[in-house]
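Line order of the protein sequences matches chains A and B.
Residue 327 in this note's numbering is what sits at position 327 of the first sequence, and the numbering runs on without skipping anything.
Residue 1056 in this note's numbering is what sits at position 56 of the second sequence, and the numbering runs on without skipping anything.
Here the structure is laid out as structure tokens; the discussion comes afterwards.
Number of protein chains: 2
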Amino acid sequence: MKKVGVALLGLGTVGGGTYKILTKNRDDIKKNYGVDLEIRHILEKDMSKVKALGANPDIVSCDINNILKDPEIKIVAEFFGGIEPAKSFLVQCLLAGKSIVTANKEMFSQYWHELESAAKKGKAGVYFEASCVGGVPVIRTLTESMQGNNIKCIMGIVNGTTNYILSKMADEGLEYETVLKEAQKLGYAEANPTADVDGYDSMYKLSILSSLAFHTKVPIDKIYREGISNISKLDIEYGKKFGYTLKLLAIGKKENGKIEARVHPAFIPSDHPLAAVKESFNAVHIVGDNVGDIMLYGRGAGDLPTGSAIVSDIVFASLQSKHKYSSFKNNTDKVSDRGFNKDFQCEYYMRLTVKDVPGVIASISAKLAKFKISINSIQQKVEGDKASVIFMLHRTSESSVKKAVEAIKEVDTVYSVDAIIRVEE
Amino acid sequence: MKKVGVALLGLGTVGGGTYKILTKNRDDIKKNYGVDLEIRHILEKDMSKVKALGANPDIVSCDINNILKDPEIKIVAEFFGGIEPAKSFLVQCLLAGKSIVTANKEMFSQYWHELESAAKKGKAGVYFEASCVGGVPVIRTLTESMQGNNIKCIMGIVNGTTNYILSKMADEGLEYETVLKEAQKLGYAEANPTADVDGYDSMYKLSILSSLAFHTKVPIDKIYREGISNISKLDIEYGKKFGYTLKLLAIGKKENGKIEARVHPAFIPSDHPLAAVKESFNAVHIVGDNVGDIMLYGRGAGDLPTGSAIVSDIVFASLQSKHKYSSFKNNTDKVSDRGFNKDFQCEYYMRLTVKDVPGVIASISAKLAKFKISINSIQQKVEGDKASVIFMLHRTSESSVKKAVEAIKEVDTVYSVDAIIRVEE
């Protein structure tokens, strides 16, 4: 039987999950896939983690050289997170001919080209199923199942923390800050929640997913990013009345040869398959020119779900006789703006607070008309001498909306523009 | 660039879709996957199909030898359907070293072992993504993404015709016969609908899917099969009131080392992800010990969705340096009953018509108690001197329910047992 040595960099949540699966499922993997995966070294300084997992302390160290010098180690799985030392260690492993498996979207989305270039030199492989949407096989689907399609759109709920927060806000009518605090208490959100709630995590994943979908590197600086911290429960409630559910979406589209990539909160019709994705579940919706709509759904995080993706990559890598690399030629860190559309188009939801006097709707409508934005519907709710007005706007561009909002703010009967939320059909 | 010759056996719906994709997307596939797929021969006797697609008539014939003798043809995709001549032709191709790609679940589920044995002799590959759930990459997910899991359950809506019929019955309150006729008129159901409505199509697919999920051949004779033709709109309506949606499910489970495989109509909770799968869409829900719940969703049929799966397999096959075979050792046509549990357990919905007299519920309950079946809830609806009674039964075995039903039929205040429907949570 083929025996393959594996090293683990880090024994955190996902590293620990991977350790558990490789240990518990070792015999099944031998029987079903004909490969014996042996953990030969672990980099971890926190020995309490080693002890908690019952790992052999003799194979634990803090020195990457212990891995580099062992010719039996063919695959190195990384769980450090962050850029360094993860990237440098993985480059060294690749140059030494060891394939790598990573869950590190932050590093991978920015240094894919560097890792791939080292991999080619070392004739090793680069695997990253676990970097996006945990155990859901979205990377493998994009690389091994969509070959007969030009993908037009990939749209996903790829961050569990924000989906948990938005679901809770919608279901229990709570404000963002309240739910965030609860999520932090339950361990669903980090003490510093920026990476999740401001959309960075989704942006890293979208960079990887849309690069694969469109066979073109989509670097993070080409991605529009907006988080959920300004979302009010009021907008979620209004949206519900219009038949919409609010989600933080990662969206990649290719239209007329141009790619647009963006992460932001968006209303989707409440009967859209993504609207039913609740709590910390994730899902990715893909539209191909031939396959039509498909959706993949599951747990986007957690020790065992993400560990499942890591182990899948380890088995997959260990059975390749020749590693494949990214299907796009420009896998470099220098990608020009050509080919990207940053002034994308959407429908919009706009909520304003205005003075309750005749003519205010006319004034606002005139400003919208000036920027060629047409109105789908208007809803007004009077409270004292003020009114909340919601405009649902037909498809228009970001730049037009921005200009219109500036012009509307100048109308003297308008107190404030409280929310602008994009609508995806 | 690697050039790979392809032959198509048949130009029906899926064959035609495959032809279209291979022609339209040929340059994209070259660019993105580095392989030039050239259609070198087509077996088709109906020249009107050839003409409609604009295919070159010079490469069309009715003689398999034209394919067998062309060394440039490396991959043969089959769209004949049915057992013969599909199977014999494919065996000949495999022995000649040509890999095969098929959408033919009826043939493949029953002759997998024979094809695989020929494939090993010819050092060729056997690919069948298109045999189950059209363009949804469920086969690739099972073979390439679940390696770190013991799958506990696979449960799917894998037949579009029956899902269309049941969705229509539920949404519009129509009877089975009415919807079936409409579906036949619209081309969603065949003139002879048996393969779909009696669950044969789902059974073939379940045989393939559960064999992969459990790494054990699950032949069709180990699968319990029941169709939807006895479903009444009344039961769909009652189910709705209890919070259930009725679907034709293909279910494979592994519990205590025993496999159960069954195709039948079942109630699932209306908030189950599968309950939202409407019309002709398909979905498969997989539960792994590590990944937890995942679901794949999309179009299960149609020329381009299924063609997408065929082309994916052709590209995948053409890039393998060594073909893999099924991950189970007993891929044979002789599989013993050991390892299978045919007396599976479920919750049940039971509807009866009884005489509206005191004591009838007591008599029925006593019969259920005799077979150790406990009752979850009872609902009664009186109409004249008759009453409709619905029993929701706790988890029990098929054999107990069957015996109980026989005993209940003997109760003189019971007119009829009108429906027994399994309930899956």
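Positions of the beta carbon are idealized from the N, C-alpha and C atoms, including for glycine.
Please read all numbers here as calculations on a predicted model, not as lab measurements.
Residue-chain proximity (residue i, chain A), Cβ-Cβ < 8 Å
i                       : result
residue 1276 of chain B : yes
residue 1216 of chain B : no
residue 1457 of chain B : Given a span of 1001 to 1425 for chain B in the structure shown, any question on residue 1457 of chain B remains unanswerable.
residue 1299 of chain B : yes
Among the options, nearest to residue i - alpha-carbon criterion
i                       : options                        : result
residue 1120 of chain B : B:1325, B:1158, B:1187         : B:1325
residue 158 of chain A  : A:407, A:194, A:249            : A:249
residue 233 of chain A  : A:421, A:425, A:9              : A:421
residue 369 of chain A  : A:338, A:379, A:405            : A:405
residue 12 of chain A   : A:25, A:51, A:298              : A:51
residue 201 of chain A  : A:156, A:172, A:290            : A:156
residue 1187 of chain B : B:1364, B:1380, B:1273, B:1160 : B:1160
residue 1105 of chain B : B:1057, B:1205, B:1174         : B:1205
residue 279 of chain A  : A:297, A:371, A:409            : A:297
residue 1332 of chain B : B:1033, B:1118, B:1085         : B:1118
residue 125 of chain A  : A:147, A:322, A:408, A:358     : A:322
residue 1388 of chain B : B:1151, B:1419, B:1410         : B:1419
residue 152 of chain A  : A:403, A:293, A:360            : A:293
residue 32 of chain A   : B:1386, B:1235, B:1147         : B:1147
residue 382 of chain A  : A:9, A:358, A:170              : A:358
Beta-carbon proximity of residue i to residue j, cut-off 8 Å
i                       : j                       : result
residue 1348 of chain B : residue 1401 of chain B : yes
residue 282 of chain A  : residue 300 of chain A  : yes
residue 1203 of chain B : residue 1263 of chain B : yes
residue 1108 of chain B : residue 1208 of chain B : yes
residue 1227 of chain B : residue 1252 of chain B : no
residue 393 of chain A  : residue 375 of chain A  : yes
residue 277 of chain A  : residue 149 of chain A  : no
residue 395 of chain A  : residue 345 of chain A  : yes
residue 254 of chain A  : residue 316 of chain A  : no
residue 1127 of chain B : residue 1099 of chain B : yes
residue 79 of chain A   : residue 14 of chain A   : yes
residue 212 of chain A  : residue 115 of chain A  : no
residue 34 of chain A   : residue 2 of chain A    : yes
residue 1122 of chain B : residue 1166 of chain B : no
residue 365 of chain A  : residue 413 of chain A  : no
residue 409 of chain A  : residue 371 of chain A  : no
Contacting residues, own chain, Cβ-Cβ under 8 Å from residue i (five flanking each side not counted)
i                       : result
residue 270 of chain A  : 240, 243, 244, 245
residue 6 of chain A    : 22, 37, 38, 39, 40, 73, 74, 75, 76, 77, 314
residue 1259 of chain B : 1210, 1214, 1216, 1218, 1222, 1252, 1253, 1339, 1340, 1341
residue 295 of chain A  : 273, 274, 283, 284, 285, 286
residue 337 of chain A  : 222
Nonlocal neighbours in the same chain, by C-beta distance under 6 Å from residue i, ignoring five residues either side
i                       : result
residue 416 of chain A  : 353
residue 1030 of chain B : 1036
residue 1019 of chain B : 1053
residue 1216 of chain B : 1328
residue 1066 of chain B : 1041
residue 305 of chain A  : 134, 135, 299
residue 1424 of chain B : 1266, 1268
Cβ of residue i within 8 Å of any chain B Cβ
i                      : result
residue 144 of chain A : yes
residue 212 of chain A : no
residue 159 of chain A : no
residue 293 of chain A : yes
residue 21 of chain A  : yes
residue 256 of chain A : no
residue 140 of chain A : yes
Residues near residue i by beta carbon distance below 7 Å, same chain, minus five either side
i                       : result
residue 129 of chain A  : 137, 139, 140, 309, 312, 313
residue 1398 of chain B : 1343, 1344
residue 1191 of chain B : 1184
residue 195 of chain A  : 201
Closer than 7 Å: residue i CB and nearest the ligand GTP heavy atom
i                       : result
residue 1253 of chain B : This structure does not include the ligand GTP; it has no bound ligands of any sort.
Segments of 4+ residues assigned as alpha helix (DSSP H) that fall wholly inside the stretch 1294-1319 of chain B:
Positions of the alpha helix (DSSP H) runs, each at least 4 residues long and wholly inside the stretch 1294-1319 of chain B, are given as 1303-1318 in order along the chain.
Length-filtered (4 minimum) alpha helix (DSSP H) runs lying within the stretch 323-411 of chain A:
Whole alpha helix (DSSP H) segments, 4+ residues: 360-370, 398-409.
Segments assigned alpha helix (DSSP H), at least 4 residues, entirely inside the stretch 29-94 of chain A
Every alpha helix (DSSP H) stretch that sits fully inside the stretch 29-94 of chain A and reaches 4 residues is listed by chain position as 47-53, 65-68.
In chain order, each alpha helix (DSSP H) run of at least 4 residues that lies wholly inside the stretch 166-205 of chain A
Secondary structure in the stretch 166-205 of chain A: the alpha helix (DSSP H) runs of 4 residues or longer, each lying completely within the stretch, are 176-186, 194-197 in chain order.
Just list the beta strand (DSSP E) runs in the stretch 1094-1158 of chain B, keeping only unbroken ones of 3 residues or longer that don't cross its boundaries, in chain order.
Scanning the stretch 1094-1158 of chain B for uninterrupted beta strand (DSSP E) segments of 3 residues or longer gives 1099-1102, 1151-1157, listed from N- to C-terminal end.
Secondary structure, alpha helix (DSSP H): runs of 4+ residues fully inside the stretch 1227-1256 of chain B:
If we require 4 residues or more, the alpha helix (DSSP H) runs fully inside the stretch 1227-1256 of chain B come out as 1233-1241.
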